[in-house]
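Since the structure comes first, as structure tokens, the remarks are kept for the end.
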Amino acid sequence: MIKIKNKQYKYIMIGLLVLLGLILFKQARPFLSGIFGASTLFVMMRSQMAYLTENKKWNRHLSASLLLVEALMFFLIPLTAFALLVVDTLSGIEFDIQSALHSLEDFINMLETRIGYDLITFDNLAFIPKIGGTTLQFLAASTYSLIINSIVVLFILYYMLYNYKGFENGFKEILPFREDNKQILAEETKEIIRANAIGIPLLGIIQGIFALIGYIIFGIQQPVLFAVLTAFSTILPVVGTMVVWIPLGIGIIASGDVLSGIIFLIYGFIVIGGVDNLARLLLQKQLADIHPLITIFGVIIGLQMFGFWGVIFGPLLLSYLVLLFNMYRHDYIPGSKAKPRVTKSVKPQKKFITKEKNEE
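Letter by letter, the sequence shown follows residues 92 to 451 in my numbering.
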């Protein structure tokens, strides 16, 4: 009888927790980006906090405050300032896209007349003006959300760092997995967040540099600004940097310099676009090797759900789905060859595991 009552009490407690969690989630949804941003920075700074408090024997308050200044100076302020610059610059650009498209149509018609083959219709290019408007709206909304959530990031990050051991242990306790699967989940989370938090900015910088070279060679006005926009646009799924250099190429063609415009577009496809694949290949050797489909669809889903931080937590959410599916196959399907992993190059953390055991 006592066991039955305890079981009922357990289910009632779980039900209340789920109900309260859903209510709070609904109210806190506008601040999800801040929560995810703090979680990202926590994963990146956790080892620094452990070093300062355990090795250097610094006070936890002082250590957390110092790391908060680091996050503010090197992440939040540059990111917010850059986002404001992008939106302000784009909103002030006057570019007659319809005139450029008509010039491009005339050029395509000339080519079709010479080769006797229909390449593309003008209706197929109708999506280009929409991309520009959609991108500007996305950047504006993300920027204002970023400013508000940056404050949320600072508050949450401080308490996560201050009580980093309790936060980690409490999170692990509520996971309904075996200890080895809990460790795998922790390692995968760290690797995926690290891969996206480091890999995406590096890819943006690399593509921005090669774009800057091309913009200078082809005489694009304000080449540095457009190179920065190109770097930032790497987070956009599918279209990526094309949202910047294709309109620039069309603008060159519309100005009457057809040959330079075509060469510039070829440069964009081969160099700016090609360096992305090469850079990803090189980065995969140093960071976690995540399947491209997980990254692409994860970013698409993440940007819609979480805003800017969706470029990290979209792939993470999709990776969790694949990881749990692989865990289920590995643990409960006899003869399954599935490995309870998503990444292909996760480094073992034996020292970390040993240390945690000693702390317990």
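Virtual Cβ for every residue (Gly too), placed ideally from N, Cα, C.
Bear in mind that the values here come from a model prediction, so they are computed numbers and not experimental data.
>> Is the separation between the beta-carbon of residue 315 and that of residue 324 shorter than 8 angstroms?
In response: Taking the sequence shown and counting its residues from 1, the one referred to as residue 315 is at position 224. Taking the sequence shown and counting its residues from 1, the one referred to as residue 324 is at position 233. Result no, Cβ atoms of residue 315 and residue 324 do not sit closer than 8 angstroms.
> Using DSSP with H/G/I as helix, E/B as strand and the rest coil, what is residue 353?
Replying inline: Counting from one through the sequence shown, the residue named residue 353 turns up at place 262. Residue state, collapsed to three classes: helix.
> DSSP on residue 260, reduced to helix/strand/coil?
Replying inline: For this step, residue 260 is matched to residue 169 along the sequence shown. In this structure, residue 260 counts as helix in the three-state DSSP scheme.
> Taking residue 119 as the reference, which of 410, 152, 390 and 243 has the closest Cα?
Replying inline: Within the sequence shown, residue 119 is the residue found at index 28, counting from 1. Per the Cα distances, 243.
>> Helix, strand or coil for residue 204? Go by DSSP, reduced to three states.
In response: Taking the first residue of the sequence shown as position 1, residue 204 is located at position 113. Helix, per DSSP.
> Using the rule of at least 16 other Cβ atoms within 10 Å of the residue's Cβ for burial, across every protein chain shown, is residue 404 buried or exposed?
Replying inline: As a first step, residue 404 must be located in the sequence shown, where it is residue number 313. Buried, because 16 or more other Cβ atoms sit within 10 Å of the Cβ of residue 404.
>> Assuming residue 159 is part of the alpha helix (DSSP H), what are its boundary residues?
In response: Counting from one through the sequence shown, the residue named residue 159 turns up at place 68. 151-162 is the extent of the alpha helix (DSSP H) around residue 159.
>> Given this structure, state the Cα-to-Cα distance separating residue 387 from residue 400, to the nearest angstrom.
In response: Within the sequence shown, numbered from 1, the residue matching residue 387 stands at position 296. Within the sequence shown, numbered from 1, the residue matching residue 400 stands at position 309. For residue 387 and residue 400, the distance between alpha carbons rounds to 14 angstroms.
>> Within 8 angstroms, do at least three Cβ pairs link the stretch 347-358 to the stretch 366-373?
In response: no
> Taking residue 130 as the reference, which of 277, 108 and 112 has the closest Cα?
Replying inline: Taking the first residue of the sequence shown as position 1, residue 130 is located at position 39. With distances taken between Cα atoms, residue 130 lies closest to 277.
> Which of the three DSSP states, helix, strand or coil, is assigned to residue 374?
Replying inline: Taking the sequence shown and counting its residues from 1, the one referred to as residue 374 is at position 283. Of the three classes helix, strand and coil, the one that applies to residue 374 here is helix, per DSSP.
> Which term fits residue 109, buried or exposed, when burial requires 16 or more other beta carbons within 10 angstroms of its beta carbon?
Replying inline: Position 18 of the sequence shown holds residue 109. Flag for residue 109 reads exposed.
> Less than 7 angstroms between the CB of residue 118 and some heavy atom of the ligand PLP, yes or no?
Replying inline: No copy of the ligand PLP occurs in the structure displayed, which carries no ligand at all.
> Nearest to residue 362 by CA position, among 333, 136 and 271, is which residue?
Replying inline: Numbered from 1 along the sequence shown, position 271 holds the residue referred to as residue 362. Ranking the options by Cα distance to residue 362, first place goes to 333.
> Anyone know if the C-beta pair for residue 240 and residue 124 falls short of 8 angstroms?
Replying inline: For the purposes of this step, residue 240 is identified with residue 149 of the sequence shown, where counting begins at 1. For the purposes of this step, residue 124 is identified with residue 33 of the sequence shown, where counting begins at 1. It is a contact, given that the beta carbons lie within the stated cut-off.
>> Please give the ranges of any alpha helix (DSSP H) in the stretch 292-348, keeping only runs that are unbroken, at least 4 residues long and fully inside the region.
In response: 314-323 and 333-345
> Thinking C-alpha only, which one of 326, 409, 360 and 264 is nearest residue 339?
Replying inline: As a first step, residue 339 is located in the sequence shown; it is residue number 248 there, counting from the start. Cα-wise, what sits closest to residue 339 is 360.
> Of all the options 357, 329, 370 and 304, which has the alpha carbon lying nearest to the alpha carbon of residue 317?
Replying inline: Residue mapping note: residue 317 aligns to position 226 of the sequence shown, counting from 1. It is 304 whose Cα lies nearest to the Cα of residue 317.
>> Could you check whether the stretch 245-265 touches the stretch 151-162, counting it as contact only if at least three pairs of C-beta atoms, one from each stretch, sit closer than 8 angstroms?
In response: yes
>> Between the stretch 416-434 and the stretch 263-279, can you find at least three pairs of beta-carbon atoms closer than 8 angstroms?
In response: Flag = yes, the stretch 263-279 and the stretch 416-434 touch.
> Any idea what DSSP makes of residue 427, helix, strand or coil?
Replying inline: Position 336 of the sequence shown holds residue 427. Looking at residue 427 - three-state DSSP - the assignment turns out to be coil, as it is neither helix nor strand.
> Got a sec, what are the start and stop residues for the alpha helix (DSSP H) residue 137 sits in?
Replying inline: To locate residue 137, count along the sequence shown from 1; it is residue 46. First-last of the alpha helix (DSSP H) with residue 137: 123-141.
> Is residue 402 near residue 287, with beta carbons less than 8 angstroms apart?
Replying inline: Position 311 of the sequence shown, counted from the first residue, corresponds to residue 402. Position 196 of the sequence shown, counted from the first residue, corresponds to residue 287. A contact, by the Cβ cut-off of 8 angstroms.
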